[in-house]
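Peer 1:
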Amino acid sequence: MNRRHRTLLRLALSAMAAIGFAAHACAGEPITAGSLRIETPWMRATPGGAKVAGGYVRITNTGTQADRLTGAAIAIAGRGTIHSMTMAGSVMKMAPVPEGLPIGPGETIELKPGGLHLMFEDLNAAPKVHEPVSGTLTFERTGAVPVTFAVAPIGAMSPDTTAPAVQAPHHHH
Ligand SMILES: [Cu+2]
74 MNRRHRTLLR
84 LALSAMAAIG
94 FAAHACAGEP
104 ITAGSLRIET
114 PWMRATPGGA
124 KVAGGYVRIT
134 NTGTQADRLT
144 GAAIAIAGRG
154 TIHSMTMAGS
164 VMKMAPVPEG
174 LPIGPGETIE
184 LKPGGLHLMF
194 EDLNAAPKVH
204 EPVSGTLTFE
214 RTGAVPVTFA
224 VAPIGAMSPD
234 TTAPAVQAPH
244 HHH
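Read left to right, the sequence shown gives residues 74 to 246 (the numbering used here).
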C-alpha cells in the first residue's frame with residue numbers, strides 16, 4: 074500500500090468515524106446482539122393497498138451455542154411470520170415455518186427474495202423507499218432484538234445500494 078492509498082484510507086476511516094453515531098439511526102450497520110450478527114434487514118416498498126410485504130435479513134451465529142429465529146414484527150404490520158418459498162411445478166408456493174429457523178454455531182442464514190423470508194401481514198401503512206421501518210426479530214436464545222428495515226424500491230431483488238458508502242446518512246423526515 075503506497076502513501077497515497079494510506080492517506081485515502083485514513084480519510085475514509087475518519088469520515089466513517091465522523092458519521093458513526095448518526096449511522097446508528099439508519100439501517101445498514103450490522104447489529105450485534107449476544108452472539109448474533111444481523112446484517113442488512115430490508116424490505117421492499119409495496120404497491121398502494123398491498124396488505125403483505127416480505128422482509129429479508131442475513132444472520133450469523135458467531136457463538137458456540139445454537140439459536141433459532143422464531144419471529145419478526147414491524148410497527149406497520151399486524152403480524153410477522155417466517156415463510157419458505159418453493160416451486161411447485163411452475164408455481165411459487167409460500168408456506169409458514171412455525172418451528173422457526175435454527176442457526177447453529179458458526180452458521181449464517183440468509184432470508185432473501187425467492188427463498189426464506191419474513192412475511193409481514195395486515196399492513197396498516199405502506200413501506201416507502203428510503204423510509205426505514207423499525208421492528209424486532211425474535212430469537213429463542215437471544216430474545217427480541219430491535220432492528221431497522223431499510224426499504225428498497227418495489228420489486229427490488231437486493232437492498233438499495235446506490236447510496237455511496239461513505240457519505241452523511243440520508244434522512245427524510
Ligand atoms: Cu411469504
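By construction, the Cβ of each residue, glycine as well, lies at the ideal position given by its N, Cα and C atoms.
What would DSSP say about Thr119, mapped onto helix, strand or coil?
Peer 2: coil
Peer 1: Around the Cβ of Pro232, are there at least 16 other Cβ atoms within 10 angstroms (buried) or fewer (exposed)?
Peer 2: buried
Peer 1: As a quick exercise: from Asp195, Glu180 and Ala223, pick the residue whose alpha carbon is nearest that of Gly136.
Peer 2: Glu180
Peer 1: In its own chain, which residues sit with a C-beta less than 7 Å from the C-beta of Pro178, not counting the 5 before and 5 after it?
Peer 2: Asn134, Gly136, Thr137, Gln138 and Ala139
Peer 1: Give the DSSP-derived three-state secondary structure of Glu204 in the structure shown.
Peer 2: coil
Peer 1: Give a single yes or no on whether Gly127 has its beta carbon closer than 7 Å to a heavy atom of ligand 1.
Peer 2: yes
Peer 1: Between the Cα of Thr129 and those of Pro226, Arg117, Ala123 and Gly122, spot the shortest distance and give me the residue it belongs to.
Peer 2: For the sequence presented, residue 129 should be read as Tyr rather than Thr. Tyr129 has its Cα closest to that of Arg117, out of Pro226, Arg117, Ala123 and Gly122.
Peer 1: Please name the residue or residues paired with Thr215 in a DSSP beta bridge.
Peer 2: DSSP, once it has assigned bridges, lists no residue as partnering Thr215.
Peer 1: In its own chain, which residues sit with a C-beta less than 6 Å from the C-beta of Ala199, not counting the 5 before and 5 after it?
Peer 2: Thr119
Peer 1: Going by beta-carbon coordinates alone, are Thr143 and Glu194 separated by less than 8 Å?
Peer 2: Going by beta carbons, Thr143 and Glu194 fall outside the 8 Å limit.
Peer 1: Under 7 Å from any heavy atom of ligand 1, does the C-beta of His156 make it?
Peer 2: yes
Peer 1: How about Ile147 and Ile182: are their beta carbons less than 8 Å apart?
Peer 2: The answer is no: Cβ separation not under 8 Å.
Peer 1: Taking only the alpha-carbon atoms, compute the straight-line gap between Ile149 and Ile176 and give it to the nearest angstrom.
Peer 2: 27 Å
Peer 1: Alpha carbon to alpha carbon, how far is Glu102 from Thr159?
Peer 2: 30 Å
Peer 1: Give a yes or no on whether the C-beta atoms belonging to Met230 and Pro171 are separated by under 8 Å.
Peer 2: no
Peer 1: So what's Ala139 in DSSP terms, helix, strand or just coil?
Peer 2: Reduced to three states, the DSSP call for Ala139 is coil.
Peer 1: According to DSSP, what are the bridge partners of Glu194?
Peer 2: Arg152
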